[in-house]
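Chain order of the listed sequences is F and P. Counting from 1, one number per residue, gives the positions in the first sequence under our numbering. Counting from 262, one number per residue, gives the positions in the second sequence under our numbering.
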Amino acid sequence: MKLLVCIKQVPDTTEIKIDPVTKTLVRDGVPAIMNPDDKGGLEFALQLKDKFGAEVTVITMGLPQADLILREAFAMGADKAILLTDRKLGGADTLATSKALAGAARMLDWDLVIAGRQAIDGDTAQVGPEMAEHLGIPQISYVADVQYDDKAKKFTVKKETEDGYQILEFQGKALLTCLASAVKPRYMSVGGIVEAYDKEVEIWGADRIDVPETELGLKGSPTKVFKSFTKELKQPGQIHEVDAEEAVELIVAKLKEKHII
Amino acid sequence: MDFSEYKDIYVFAEQRDGKIQSVALELIGKARELSKVTGEKVVAILAGCNVASQAGTLIEYGADKVVVIDDKNLETYVTEQYTQAVYQAVTKFKPSILMYGATTIGRDLAPRIAARLGTGLTADCTKLDITEDTHELQMTRPAFGGNLMATIMCPNHRPQMSTVRPGVMPKSEPDKSRKGEVVEFKPTFDQSKFIVKLVKNVKEKKNTVDISEAKILVSGGRGVGCKEGFEKLQGLATVLGGEVSSSRAMVDAGVMPHDRQVGQTGKTVRPSVYFALGISGAIQHLAGMEESDCIIAVNKDKFAPIFSVADLGIVCDLNKVVPALTERLKKEIKK
Ligand SMILES: Cc1cc2nc3c(=O)[nH]c(=O)nc-3n(C[C@H](O)[C@H](O)[C@H](O)COP(=O)(O)OP(=O)(O)OC[C@H]3O[C@@H](n4cnc5c(N)ncnc54)[C@H](O)[C@@H]3O)c2cc1C
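Written as structure tokens, this is what we have:
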């Protein structure tokens, strides 16, 4: 079995703050990490490797420094790594990103593509399904469990929904987008960390994928960011520093004013 | 691409088990508002099996026209079946705008359709506007963990598509006397593409309430601390006929279930009264509740950011306020 796992390097958004004066994002010193849902997907792939001896290739599209998360993937147990990096891919929205990744996937041999549900810097959940469509294979999103029947060559997948879950089955190629919350990713092994830096990360430019330049990067992106801004908060009401008794009076008065009681 | 062929504002009217989802009605409400600027029709796409009878509800809530796709293949949502149906409807009717709820179904279907059409898609919008002159959609959404808002446009492709978070757009009042057109659409299915088979569809959370439907929410954060603390909040909620909700801190701590979480990665709520008790008011929390009619915050830190959105801010220990308030309200309500 050959598995292709898509991962992304993202800023750890829990560490991002807004500068109260300039109202801009403070990104200095914010660590770059492997996107949590993608790491969940990688763990599912590695579990299939443990059980069925799968070959796991990780791919990322990003800046040269995304090399770091590919090394991390090696240290967790991935076999091959590809870094798709090119100025021509810059400024891509989800459609252009999915075209590039699908283009790269077409150059490779795999049975299943695994991705994360969404990346914490954009939270769109679009790249996986869009990539599946370009590849002409089915997708299952919000994946919480993956089982494989070696004899029947059949995958059984648990998909989370708002009010429960679905069990879905398929044979043949497909793309899954996985939930970080469903699985605990393994730690990098000490031996793995040492070896990770001896292994080769393949560097691919846009010339390695068979996608017209007009469909890549900013040029290939149908959506455009018109503006970005920090939120205006509404006008606050009064703040009262009071004891519990007075607090109760104030709240009761407010509830009466709003006709709640 | 000839834009003049693309017109009207379409909503994918999500149903589950034949029940129209609240977000579909919210989107119709929003589409009505946008249509005032463009002078276009509001059209709902209703796909499912034995759902045609629901078209009337969509009209009552503001649709001028309902495209019904009623087919055995659409009994339960599976990506490919629904993609084929909706894709064919879109290529036939050519909407200028198409909106979906940002639910697990909407967020699975919309990108698939976007890629099949080769158009843009903006996820999880919290605000939609339309330009007066060119009638282009401006889609605003949070980015970078809610720290930044971005307004996105789709200038050179049609339809302009977005998913919109449930609970964000207000529904309009239903009007039983509204008239609308219902058209049936019959797609041709390519069964050879139905590779994924649904084995079972399990409903687990039957007994849970939907906090986004509650009129009064008593919400607790890390300041409440533990299960016992939340039991006291439940006492207060019961007296007021409300529900208990929570910040993410208490969900991550395992004290509250995720379906009670308010905020960017939880639910968006707009109750009549929102009590924020021991919640600091992180931007991601505010994103889910700041549209509430009335926000009452109790926090012992007078610099807590929650006070910047509160209608009534109380600087006090919630452990003292909550029991006293509960007792007082019990008496008040008996009167
Ligand atoms: C990408 C991303 C998504 C997120 N999504 C969400 C989300 O959907 N929802 C969400 O809520 N958070 C979300 N968060 C987390 C958010 O940033 C905050 O960490 C979280 O909301 C804090 O929860 P809290 O207010 O309960 O806890 P804290 O920030 O620890 O605040 C506790 C408050 O309680 C007060 N307090 C303590 N004891 C008392 C007392 N006895 N009486 C009165 N007051 C007291 C303290 O003064 C303090 O203000 C997200 C974060 C990220 C990065």
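For each residue, glycine too, the CB sits at the ideal point set by N, CA and C. Here the structure is a predicted model, which is why all the values come from computation and not from measurement.
Min CB distance residue i to chain P below 8 Å
{"i": "Phe74(F)", "result": "no"}
{"i": "Ser189(F)", "result": "no"}
{"i": "Lys258(F)", "result": "yes"}
{"i": "Lys227(F)", "result": "yes"}
{"i": "Lys80(F)", "result": "no"}
{"i": "Tyr197(F)", "result": "no"}
{"i": "Ile167(F)", "result": "yes"}
{"i": "Tyr148(F)", "result": "no"}
{"i": "Thr214(F)", "result": "no"}
{"i": "Pro64(F)", "result": "no"}
{"i": "Ala125(F)", "result": "yes"}
{"i": "Gln139(F)", "result": "yes"}
{"i": "Asp145(F)", "result": "no"}
{"i": "Thr57(F)", "result": "no"}
{"i": "Phe44(F)", "result": "no"}
{"i": "Gly237(F)", "result": "yes"}
Beta-bridge partners of residue i, as assigned by DSSP
{"i": "Gly539(P)", "result": "Beta-bridge pairing links Gly539(P) to no other residue."}
{"i": "Ser423(P)", "result": "Met360(P), Thr383(P)"}
{"i": "Gly574(P)", "result": "Ile239(F), Ala558(P)"}
{"i": "Arg402(P)", "result": "Ala411(P)"}
{"i": "Val445(P)", "result": "Residue identity differs from the one stated: residue 445(P) is Glu in this sequence, not Val. Answer by DSSP bridge pairing, in chain order: Val329(P)."}
{"i": "Asn462(P)", "result": "Gln166(F)"}
{"i": "Ala305(P)", "result": "Val272(P), Val327(P)"}
{"i": "Gln349(P)", "result": "None; Gln349(P) has no bridge partner."}
{"i": "Ile140(F)", "result": "Leu176(F)"}
{"i": "Phe155(F)", "result": "Tyr148(F), Phe170(F)"}
{"i": "Thr60(F)", "result": "Leu83(F)"}
{"i": "Arg277(P)", "result": "Lys280(P)"}
{"i": "Asp390(P)", "result": "Gln399(P)"}
Assigned secondary structure, residue i (DSSP; H/G/I helix, E/B strand, else coil)
{"i": "Met262(P)", "result": "coil"}
{"i": "Met430(P)", "result": "coil"}
{"i": "Gln171(F)", "result": "coil"}
{"i": "Tyr343(P)", "result": "helix"}
{"i": "Gln9(F)", "result": "strand"}
{"i": "Val328(P)", "result": "strand"}
{"i": "Ile120(F)", "result": "coil"}
{"i": "Phe74(F)", "result": "helix"}
{"i": "Ile260(F)", "result": "coil"}
{"i": "Phe568(P)", "result": "helix"}
{"i": "Gln130(F)", "result": "The amino acid occupying residue 130(F) in the given sequence is Glu; Gln does not appear at that position. Looking at Glu130(F) - three-state DSSP - the assignment turns out to be helix."}
{"i": "Ala182(F)", "result": "helix"}
{"i": "Val252(F)", "result": "helix"}
{"i": "Phe32(F)", "result": "Here the sequence assigns Ala to residue 32(F), which means Phe is not the residue at that position. DSSP places Ala32(F) in strand when its eight states are reduced to three."}
{"i": "Leu108(F)", "result": "coil"}
{"i": "Glu202(F)", "result": "strand"}
{"i": "Ile289(P)", "result": "helix"}
{"i": "Ile114(F)", "result": "strand"}
Contact with chain F by residue i, beta-carbon distance below 8 Å
{"i": "Gln399(P)", "result": "yes"}
{"i": "Asn273(P)", "result": "Asn is not the amino acid found at residue 273(P); the sequence shown has Phe there. Taking Cβ atoms only, chain F never reaches closer than 8 Å to Phe273(P), which makes this a no."}
{"i": "Phe450(P)", "result": "no"}
{"i": "Ala585(P)", "result": "yes"}
{"i": "Pro372(P)", "result": "yes"}
{"i": "Gly524(P)", "result": "no"}
{"i": "Val512(P)", "result": "no"}
{"i": "Ile575(P)", "result": "yes"}
{"i": "Glu593(P)", "result": "yes"}
{"i": "Gly406(P)", "result": "yes"}
{"i": "Ile559(P)", "result": "The amino acid occupying residue 559(P) in the given sequence is Val; Ile does not appear at that position. Chain F contact via Cβ: present."}
{"i": "Thr364(P)", "result": "yes"}
{"i": "Val530(P)", "result": "no"}
{"i": "Ala543(P)", "result": "no"}
{"i": "Lys280(P)", "result": "no"}
{"i": "Asp263(P)", "result": "no"}
{"i": "Leu501(P)", "result": "yes"}
{"i": "Asp572(P)", "result": "yes"}
{"i": "Lys493(P)", "result": "no"}
message: Which complete alpha helix (DSSP H) runs does the stretch 467-521 of chain P hold, if anything under 4 residues is left out?
response: 488-501, 509-513
message: Along the stretch 239-259 of chain F, where does the CB come closer than 8 Å to a CB of chain P? Name the residues.
response: For the stretch 239-259 of chain F, the set of positions with a beta-carbon nearer than 8 Å to some beta-carbon of chain P reads Ile239, His240, Glu241, Val242, Asp243, Ala244, Glu245, Ala247, Val248, Leu250, Ile251, Val252, Lys254, Leu255, Lys258 in chain order.
- request: Check distances from the C-beta atoms of the stretch 408-427 of chain P to those of chain F and list, in chain order, the residues that come in under 7 Å.
  value: Asn408, Leu409, Met410, Ala411, Thr412, Ile413, Met414, Cys415, Pro416, Asn417, His418
Runs of beta strand (DSSP E) lying entirely within the stretch 209-234 of chain F, each at least 3 residues, in chain order: The qualifying runs are 224-229.
Positions along the stretch 429-463 of chain P whose CB lies within less than 9 Å of some CB in chain F: Lys454, Phe455, Ile456, Val457, Lys458, Leu459, Val460, Lys461, Asn462, Val463
field: Residues of the stretch 327-354 of chain P whose Cβ lies closer than 7 Å to any Cβ of chain F, in chain order
entry: Thr340, Glu341
task: Using a Cβ-Cβ cut-off of less than 9 Å, list which residues of the stretch 373-392 of chain P approach chain F; keep chain order.
output: If you check each beta-carbon in the stretch 373-392 of chain P against every beta-carbon of chain F, the ones closer than 9 Å belong to Arg373, Ile374, Ala375, Ala376, Arg377, Gly379, Thr380, Gly381, Leu382, Thr383, Ala384, Asp385.
query: For the stretch 160-184 of chain F, which residues have a CB atom closer than 8 Å to at least one CB atom of chain P, in sequence order?
result: Glu160, Thr161, Glu162, Asp163, Gly164, Tyr165, Gln166, Ile167, Leu168, Glu169, Phe170, Gln171, Gly172, Ala174
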